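What follows is one structure encoded as structure tokens, with my remarks underneath.
Residue numbers (this note's numbering): 65 to 155.
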């Protein structure tokens with residue numbers, strides 16, 4: 065049997081351990097990426113009779129990739145640049 069323990073720290077209000085034997089690694093990552101799990105103290109994977117701290121692995125997998133400016137923004141800035149060049153053209 066394998067399950068995950070996600071310890072969430074609520075500050076003064078205390079801590080909460082979320083333990084659900086039916087949740088998968090993918091679901092834990094999904095919940096972190098969506099913002100459902102925040103202020104995580106640690107994540108442990110319990111498999112058979114061993115416990116492993118996988119906090120760093122899961123958090124790095126759940127990190128959202130850096131997304132650059134959208135295509136519309138790039139197009140708008142290109143139009144602005146062209147307009148600025150036209151202002152300085154000789155007539």
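Glycine included, every Cβ here is placed at the ideal spot set by N, Cα and C. Predicted, not measured: the structure shown is a model, and the values here were computed from it.
Run the CB neighbour count on residue i, radius 10 Å, all protein chains shown included, and call it buried at 16 or more, exposed below.
i	result
residue 101	buried
residue 96	buried
residue 115	exposed
Identify the continuous alpha helix (DSSP H) that holds residue i and give its terminal residues.
i	result
residue 234	In the structure as shown, the chain begins at 65 and stops at 155. Residue 234 is therefore absent and cannot be evaluated.
Roughly how many angstroms lie between the CA atoms of residue i and residue j, to the nearest whole one?
i	j	result
residue 111	residue 73	24 Å
residue 124	residue 69	17 Å
residue 93	residue 104	12 Å
residue 83	residue 126	19 Å
residue 107	residue 99	15 Å
residue 67	residue 148	59 Å
With respect to the beta strand (DSSP E) encompassing residue i, which residues constitute its N-terminal and C-terminal limits?
i	result
residue 97	Not the beta strand (DSSP E): residue 97 falls in the alpha helix (DSSP H), residues 89-98.
residue 111	104-111
residue 118	Unbroken run through residue 118: none, as it is neither H nor E.
residue 101	No beta strand (DSSP E) contains residue 101, which DSSP labels as neither H nor E.
If you measure between the beta carbons of residue i and residue j, is that distance less than 8 Å?
i	j	result
residue 85	residue 71	no
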